[in-house]
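Right, one structure below, let's go through it.
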Amino acid sequence: MSRDRALLERALDRGEQDGGNVEFKERLSRDVHLEGGRRESLAAQLRHRLLSGDGEATYVVGVTDDGGLAGIDPETFSETMDVLSLLAEEADAHIEDVQTWGINEGLVGVAQVREGGVLETDDEHVVVGTAGHVDHGKSTLVGSLVTGKPDDGDGATRAFLDVQPHEVERGLSADLSYAVYGFDDEGPVRVRNPDRKADRAAVVQEADRLVSFVDTVGHEPWLRTTIRGLVGQKLDYGLLVVAADDGPTRTTREHLGVLLATDLPTIVAITKTDTVDEDRVEEVEREVERLLREVDKSPLRVSRHGVNAALEEISERVVPIVETSAITMEGLETLDELFDRLPKTAQDTGEFRMYVDRSYSVTGVGAVASGTVMAGEVEAGDELLIGPMADGRFQEVEVRSIEMHYHRVDAAQAGRIVGIALKGIKESAIERGMVLLPRDADPDPVREFEAEVMVLNHPTRIGEGYEPVVHLETIGEAAAFYPEDGRLLPGDTGKSTVRFKFRPYLVEEGQKFVFREGRSKGVGTVTDVFPME
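Note that the UniProt record's numbering has the sequence shown beginning at 1, numbered continuously upward.
Take a look at the structure:
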């Protein structure tokens, strides 16, 4: 007997011993189990199981009535979970977790159902993007903020964010990672045990105000990923970290430049203040202030002027500076107060739109597209379009379910970082840079657009056919530039036609972007688009 099968049968044995809160189902279908009086009858059965289990019930699917392991195909399993979710909604409950096992070339699953409807997500939700040089303590600082736990000096709290084993082992983030904490009337609502998905989900359920972090990558070879995190998410604020034992670096300047290109109100956190004396902290703060003034920003030391001043003055021009240590927890209460009181800045305009940042496949659920909702609202059951595909087509899909920080939600509004399970498409067909839109939208795929661009840095000049990588929303694609005047020198601003090299995307007037190639970089704003014919 395989290890997985042994684990499942032990779970079934425990279920039989638990008695009244366990229900066995081979399958559930929309045509049979939601028609006539079956829906009400099955919802009543679920309420009975919840009552027997003090608000919790276990549904084992893919098994016969006597508990035999049958296994059902993935499509049938997905439909069964959809039906169970609707029954749970009828019973004022929600599916909290699903585990699956491969049996007889099919699936058997154990779904945990908990009393209480899925989360309403209309509370204020602020999204913060981190930036800064590698090993300056971005992930460690965020880990201490969301847990309230001091770091051990070896980056223990960083492990609460890094999602790949090799990242934890090397102590270097290689992709975007996410974290969340929140606030209620009594203060911060933190993650009790970051290693448990249920504890992360509990923050979303319990807090009145949420703060999500998009933690970017500090290592220079992954600057492209950092730009994706700062440009491709609907951020409200930036958090730029500078280590007291190192000071501002070239990467610090690079990341600050990206934050400036997005017009993002930013806070600077001086980290690792416990590792140096007061004179060194003062020296680094002066270096940061000089750096900010060089780019026409006004620094504001929170230790000198207070939190209220920082809250009143923070803007595209004024940048608060906070001294912090994840080991002594210095400055973290100040950051808590700022994040609790800072207003949301990203505006919610127009119909639902979400650019895909990543995709993955979940057994028994299917394709999931993850990203930040840029505008509007999406609900489970909505019919959407996804695309454009390489040939410019948009494909029709249906929203199976929505999850936010491991908590299933009934809907998601602008600014929410979510995973949307989609029916009608395979995960292999979803690519970063695609967009989800309402079914009745009439999007035009764009291969070429016109933009107003500024060259921030380039060794010579930008001429016709120059090919950097353009970062627009979650798009990161090589594109050829054709300046209106034939060339653009460093510091120049001018019009240019921009043409994606490989495929079309959805591009709209007014969108900002960053372009980069080696040490060369610049920013731009889309002024006109030329849809594919």
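Beta carbons: idealized from backbone N, C-alpha and C, even for Gly.
Close-in-space but distant-in-sequence residues of the same chain around T100 (CB under 6 Å, 5 per side omitted)
Counting from one through the sequence shown, the residue named residue 100 turns up at place 100. Answer for T100: L107, G109, T363, G364, listed in chain order.
Hey, could you find the ends of the beta strand (DSSP E) S139 is sitting in?
Within the sequence shown, the letter at position 139 stands for residue 139. Element bounds for S139: not the beta strand (DSSP E) but the alpha helix (DSSP H), 138 to 147.
Using a Cβ-Cβ cutoff of less than 6 Å, which residues in the same chain neighbour T493 once the five nearest sequence positions on both sides are dropped?
As a working mapping, residue 493 is identified with position 493 in the sequence shown. Excluding positions up to five away in sequence, the list reads M454.
Using only the alpha-carbon positions, how far apart do E467 and A88 sit?
One-based indexing of the sequence shown puts residue 467 at position 467. One-based indexing of the sequence shown puts residue 88 at position 88. In this model, E467 and A88 are separated by some 53 Å (Cα to Cα).
Which listed residue (M434, L506, V526) has its alpha carbon closest to that of F515
As a position in the sequence shown, residue 515 is number 515, starting the count at 1. For F515, the closest C-alpha among the options M434, L506, V526 is that of V526.
Ignoring anything shorter than 4 residues, give me the alpha helix (DSSP H) runs that lie fully in the segment 454 to 502, in order along the chain.
For the segment 454 to 502, not a single whole alpha helix (DSSP H) run of length 4 or above is found.
Residue from A367, E398, V319, G376 with nearest C-alpha to D382
As a first step, residue 382 is located in the sequence shown; it is residue number 382 there, counting from the start. D382 has its Cα closest to that of E398, out of A367, E398, V319, G376.
How would you write the range of the beta strand (DSSP E) that Q99 sits in, first residue to last?
Here the question's residue 99 lines up with position 99 in the sequence shown. For Q99, the uninterrupted beta strand (DSSP E) run begins and ends at 93 to 103, by DSSP.
For the alpha helix (DSSP H) containing E89, list its first residue and its last residue.
Here residue 89 refers to the residue found at position 89 of the sequence shown. Element bounds for E89: 74 to 90.
With a CB to CB cut of under 6 Å and the five nearest residues on each side skipped, what residues in its chain are close to H444?
To locate residue 444, count along the sequence shown from 1; it is residue 444. In the sequence on display, residue 444 carries Asp and not His. The beta carbon of D444 sits closer than 6 Å to the beta carbons of P531 from its chain, once the five residues preceding and following it are set aside; these are given in chain order.
Do A367 and S361 have their CB atoms nearer than 8 Å?
Taking the first residue of the sequence shown as 1, we reach residue 367 at position 367. Taking the first residue of the sequence shown as 1, we reach residue 361 at position 361. Taking C-beta atoms as the reference points, A367 and S361 count as a pair closer than 8 Å.
Cβ atoms of F513 and L472: under 8 Å apart, would you say?
Position 472 of the sequence shown, counting from 1, holds the residue named residue 472. Position 513 of the sequence shown, counting from 1, holds the residue named residue 513. It is a contact, given that the beta carbons lie within the stated cut-off.
So, is D162 buried or exposed, given that buried needs 16 or more other C-beta atoms within 10 angstroms?
Taking the sequence shown and counting its residues from 1, one reaches residue 162 at position 162. In this prediction, D162 scores a pLDDT of 40, lower than 50, which makes its location untrustworthy; the coordinate-derived value is nonetheless stated afterwards. Classification for D162: buried.
The alpha helix (DSSP H) with T334 in it runs from where to where?
The residue given as residue 334 occupies position 334 in the sequence shown. Counting along the chain, the alpha helix (DSSP H) containing T334 begins and ends at 332 to 341.
Quick one: grab the DSSP three-state call for L172.
Locating residue 172 in the sequence shown gives position 172, counting from the first residue. A caution first: L172 carries a pLDDT of 34, below 50, which makes its placement in the model unreliable, though a value can still be read off. In the three-state reduction of the DSSP assignment, L172 falls in the coil class, being assigned neither a helical nor a strand state.
Between residue 541 and M374, what straight-line distance do the alpha-carbon atoms span, to the nearest angstrom?
Because the chain in this structure spans residues 1 to 533, residue 541 falls outside the shown range and cannot be described.
Work out the CA separation of A202 and E323 for me, nearest whole Å.
Start at 1 with the first residue of the sequence shown, and residue 323 comes out as number 323. Start at 1 with the first residue of the sequence shown, and residue 202 comes out as number 202. Rounded to the nearest angstrom, the two C-alpha atoms are 30 Å apart.
Flag this pair as yes or no: are the beta carbons of E316 and D263 separated by less than 8 Å?
One-based indexing of the sequence shown puts residue 316 at position 316. One-based indexing of the sequence shown puts residue 263 at position 263. It is a contact, given that the beta carbons lie within the stated cut-off.
Please check the pair D151 and I430, which I expect to be a contact at CB under 8 Å, by giving their CB distance rounded to whole angstroms.
Indexing the sequence shown from 1 puts residue 151 at position 151. Indexing the sequence shown from 1 puts residue 430 at position 430. Between I430 and D151 the Cβ distance is about 36 Å, and since that is not below 8 Å, they are no contact.
Between G148 and R209, which are expected to be in contact by the criterion C-beta below 8 Å, what is the C-beta distance as a whole number of angstroms?
Within the sequence shown, numbered from 1, the residue matching residue 148 stands at position 148. Within the sequence shown, numbered from 1, the residue matching residue 209 stands at position 209. About 16 Å; that fails the 8 Å criterion.
Along the beta strand (DSSP E) that carries Q112, what are the first and last residues, could you check?
Indexing the sequence shown from 1 puts residue 112 at position 112. Per DSSP, Q112 belongs to the beta strand (DSSP E) from 106 to 115.
Assuming contact is defined by CB atoms lying nearer than 8 Å, are E285 and I267 in contact in what I supplied?
For the purposes of this step, residue 285 is taken as the residue at position 285 of the sequence shown. For the purposes of this step, residue 267 is taken as the residue at position 267 of the sequence shown. 8 Å or more divides the Cβ of E285 from the Cβ of I267.
Taking the straight line between their C-alpha atoms, what separation do you get for A43 and A91?
On the sequence shown, residue 43 is found 43 positions in, with the first residue counted as 1. On the sequence shown, residue 91 is found 91 positions in, with the first residue counted as 1. A straight-line Cα-Cα distance of about 6 Å links A43 and A91.
Backbone secondary structure at Q511 - three-state DSSP
Taking the sequence shown and counting its residues from 1, one reaches residue 511 at position 511. Q511 falls in the coil class under three-state DSSP.
Which residues mark the beginning and the end of the alpha helix (DSSP H) in which L436 is found?
In the sequence shown, residue 436 corresponds to position 436, counting from 1. Where L436 is concerned, there is no enclosing alpha helix (DSSP H), although the beta strand (DSSP E) it sits in stretches over 435 to 438.
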